[in-house]
Amino acid sequence: MTVESQKETLGFQTEVKQLLHLMIHSLYSNREIFLRELISNASDACDKLRFAALKDDSLYEDDADLKIRLDYDEKAGTITVADNGIGMNRDDVIANLGTIAKSGTAEFLKQLSGDEKKDSKLIGQFGVGFYSAFIVADKVDVFTRRAGTPAEEGVHWESRGDGEFSIEPVNRAQRGTEIVLHLKKDAREFANGWTLRSLVKKYSDHISFPVLMKAEVDDDKDKDGTPEPKEEAVNDATALWTLPRTEIKDEEYKAFYKHIAHDFEDPLTWSHNKVEGKLDYTSLLYIPKRAPFDLYNREAPRGLKLYVQRVFIMDDAEQFLPLYLRFTKGVIDSNDLSLNVSREILQNNDTVESIRNALTKRVLDMLAKLAKKQPEDYQTFWNEFGNVLKEGPAEDFANREKIAGLLRFASTHTGEATQNVSLDDYIGRMKEGQKKIYYLTADSFTAAKSSPHLEVFRKNGIEVLLLSDRIDEWMMGYLTEYDGKPFQDIARGDLDLGDIQTEEDKQQQEKASEEHKALLDRIKAALDDRVQEVRATNRLTDSPACLVVGQFDMGAQMRKIMEAAGQKVPESKPIFEINVEHPLVQRLEQESSDERFNELAAVLFDQATLASGQQLKDPGSYVSRLNRLLLELAN
């Protein structure tokens, strides 16, 4: 019985309105997922009650048999999904059914393009949960009461998905939540026993609580001749990870992934493993096909579903995998932890640390296997999660070599922006006498590809890795070598070409430095405090000059990242390298006018700055100098 005077009408959060509109239209072709989402939520509610009851078993209210009920009424056109799980109070209802409490929601909604096919994938990555009910229903009623609260604190929530919802108190003897969907005319096909059973088998067979429906038999009659109602479980109700791998079909693994990840797409790969001995646990780990919208929010909830002795403990146990593997989804079920384990206890626990180390290696091995046996699928993974994996060398010293083997790069060998070259590929193509892995960082692939620093490498047929992601320079600070071969940034410090550079080449460079010492000193004086050194180069064949970063100085990428973060950046000046064989430099060397010499030297320096992908500190002066030179040529 409701109390009409206490009924309130409230507005949905703005993001909910947007999501409802887009979802109802974008997911129309895949409407049946509404049942998977609602049953999944009901299962979570039962899990949460079982966990809460570990500390207070009075929450069971003399009914410890947790279950989900599914009912329908073909004439009325309704479907009811009910559970006797944790339930909600008034505040819970407003928080869970009126808002989307996900960080980055606004940014996610901005990504939606209006293309229904593309948007449906994005919405799937976001997770639609309860709101999927409005894909098939034009009105939804929710009746709920939180376990442990009195019957009169029940809540009735109602909405037509049109921007508003009403909420009012209701007497409710049964704890848990009951959702009634009033189906749209074109969705009444779902109010059918056979259809609902099929959908449960297809999407929710692995749910570890029984999904009960009325048995469609009429053999047993009660006294007035009507069929006696019976209920039967229409799912297996067995925790999938507890079964032997030989008994699980691929389709069941995929369906379970969609349940725990709230994803619409199949995973790329998975690993199901049971460990017995010093440690006793089971893990079922998945690599998704698409990145979630909040992947780069390092504060977003992440981690594995944690069970202890088959009892659900928490949704996002982040302690079992390092942050750079946060894309991994799955379940960990341990027999070594206590049932009253908390996040705080997990932080400093030797058992957790041992499991973490083992699971980290397992995920890296999964990826290595995927890369070897299914390179196209691995490329899909890399395109989605590569920048996250690049955090690994800094965060996980012990597995740095394994992580490096999984990295993919663009390179001068392919000439394409696609990052599909592994370090093993690179080493396999190294020139005879080449001892280092050469790389170049830049703001974009185009800038890297056209860098003057590549000239000597092209001349000698040496491959160079081209790194253009914001994280790359930072990552390379933690990668010193791979397979015994050191890395070298070709735009930093002295360039060592090893045995590829002949003794004659080295002597010629030393000779050039001596012969043109006066020119180099004169350029240094002209540029004054803009450079730390001017020297003859062994990097260039076609360009007149280039900028080189000091061996221990911060590169341009890192400077920009730190400046954007508001951090103080240490002062440093570039090394200015001159190609003494270039006609422009030879012309400069012959210039007798100090004023004109200074102008030309400044133009060369500014051009080298632009070629390195950096911005000029005084672009106006550069334009003025260039205009003066052009006018002189015109005259």
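The sequence shown begins at 20 in my numbering and counts up by one.
Note that the Cβ used here is the ideal one computed from N, Cα and C, for glycine as well.
Separation of residue j from residue i, as counted between CA atoms
| i | j | result |
| --- | --- | --- |
| residue 91 | residue 54 | 12 Å |
| residue 648 | residue 604 | 15 Å |
| residue 157 | residue 85 | 30 Å |
| residue 642 | residue 501 | 44 Å |
| residue 474 | residue 558 | 7 Å |
| residue 414 | residue 341 | 8 Å |
| residue 325 | residue 398 | 30 Å |
| residue 79 | residue 72 | 7 Å |
| residue 575 | residue 160 | 57 Å |
| residue 188 | residue 249 | 31 Å |
| residue 144 | residue 314 | Interpretation of residue 144 is limited by its pLDDT of 47, a score under 50 that renders its predicted location unreliable; no figure is taken from the coordinates. |
| residue 122 | residue 541 | Interpretation of residue 122 is limited by its pLDDT of 44, a score under 50 that renders its predicted location unreliable; no figure is taken from the coordinates. |
| residue 353 | residue 416 | 26 Å |
| residue 621 | residue 439 | 39 Å |
| residue 108 | residue 88 | 21 Å |
| residue 404 | residue 385 | 14 Å |
| residue 141 | residue 216 | Confidence is the limiting factor: at residue 141 the pLDDT is only 49, short of 50, which leaves the residue's position unreliable and the question unanswerable from this model. |
| residue 186 | residue 586 | 48 Å |
| residue 570 | residue 512 | 4 Å |
| residue 333 | residue 180 | 31 Å |
| residue 343 | residue 428 | 18 Å |
| residue 491 | residue 292 | 34 Å |
| residue 276 | residue 258 | 13 Å |
| residue 302 | residue 347 | 12 Å |
| residue 106 | residue 434 | 58 Å |
| residue 493 | residue 182 | 46 Å |
| residue 27 | residue 172 | 15 Å |
Neighbourhood of residue i by C-beta, 7 Å cutoff - its chain only, sequence neighbours within 5 removed
| i | result |
| --- | --- |
| residue 155 | 50, 53, 200, 202, 203, 206, 209 |
| residue 238 | At residue 238, the pLDDT of 49 sits below 50, so the modelled position is not reliable; the number obtained from the coordinates is stated separately. Excluding positions up to five away in sequence, the list is empty. |
| residue 482 | 430, 431, 432, 445, 448 |
| residue 103 | 82, 85, 86, 193, 194, 195 |
| residue 300 | 294, 351, 352, 353, 354, 355, 374 |
| residue 561 | 474 |
| residue 517 | 452, 453, 454, 455 |
| residue 25 | 187, 188 |
| residue 228 | 62, 65, 85, 86, 87, 256 |
| residue 632 | 461, 462, 466, 575 |
| residue 365 | 336, 338, 371 |
8 Å contact criterion, which residue i and residue j should meet: CB distance rounded
| i | j | result |
| --- | --- | --- |
| residue 430 | residue 485 | 6 Å |
| residue 546 | residue 624 | 6 Å |
| residue 307 | residue 287 | 7 Å |
| residue 383 | residue 418 | 6 Å |
| residue 628 | residue 597 | Not quite, the Cβ-Cβ distance comes to about 14 Å (not below 8 Å), so this is no contact. |
Cβ shell of residue i (< 8 Å), same chain only, five flanking positions each side left out
| i | result |
| --- | --- |
| residue 69 | 85, 330, 331 |
| residue 120 | At residue 120, the pLDDT of 46 sits below 50, so the modelled position is not reliable; the number obtained from the coordinates is stated separately. So the qualifying residues of the chain are 114. |
| residue 443 | 424, 502 |
| residue 57 | 100, 149, 151, 152, 198 |
| residue 226 | 58, 59, 62, 87, 254, 256, 278 |
| residue 224 | 254, 255, 271, 274 |
| residue 526 | none |
| residue 459 | 467, 470, 472, 473, 483, 484, 485, 486, 508, 509, 510 |
Where the beta strand (DSSP E) containing residue i begins and where it ends
| i | result |
| --- | --- |
| residue 457 | 456-460 |
| residue 333 | 330-336 |
| residue 504 | 504-508 |
| residue 602 | Premise fails: residue 602 lies in the alpha helix (DSSP H), 602-609, not in any beta strand (DSSP E). |
| residue 91 | 87-92 |
Limits of the alpha helix (DSSP H) - the one that residue i falls within
| i | result |
| --- | --- |
| residue 476 | 474-479 |
| residue 370 | 369-392 |
| residue 29 | Per DSSP, residue 29 belongs to no alpha helix (DSSP H); it is in the beta strand (DSSP E), 27-30. |
| residue 117 | 109-117 |
| residue 64 | 52-71 |
| residue 215 | 212-222 |
| residue 154 | 152-155 |
| residue 628 | 613-630 |
| residue 493 | 491-495 |
Any non-hydrogen atom of the ligand ADP within 6 Å of residue i CB
| i | result |
| --- | --- |
| residue 345 | As presented, the structure is devoid of all ligands, the ligand ADP included, so that no description of it is given. |
Cβ shell of residue i (< 6 Å), same chain only, five flanking positions each side left out
| i | result |
| --- | --- |
| residue 422 | 411, 412 |
| residue 572 | 591 |
With a floor of 3 residues, list each beta strand (DSSP E) that falls wholly inside the region 544-596, ordered by position along the chain. List check, beta strand (DSSP E) in window: 552-555, 564-567.
4 or more residues per run - each alpha helix (DSSP H) lying fully within the region 267-315: The region 267-315 contains, as complete alpha helix (DSSP H) runs of 4+ residues, the segments 269-280 (chain order).
Give, in chain order, every unbroken run of the alpha helix (DSSP H) that is at least 4 residues long and sits entirely within the region 402-471. Qualifying alpha helix (DSSP H) stretches, in chain order: 411-414, 419-425, 442-447, 464-468.
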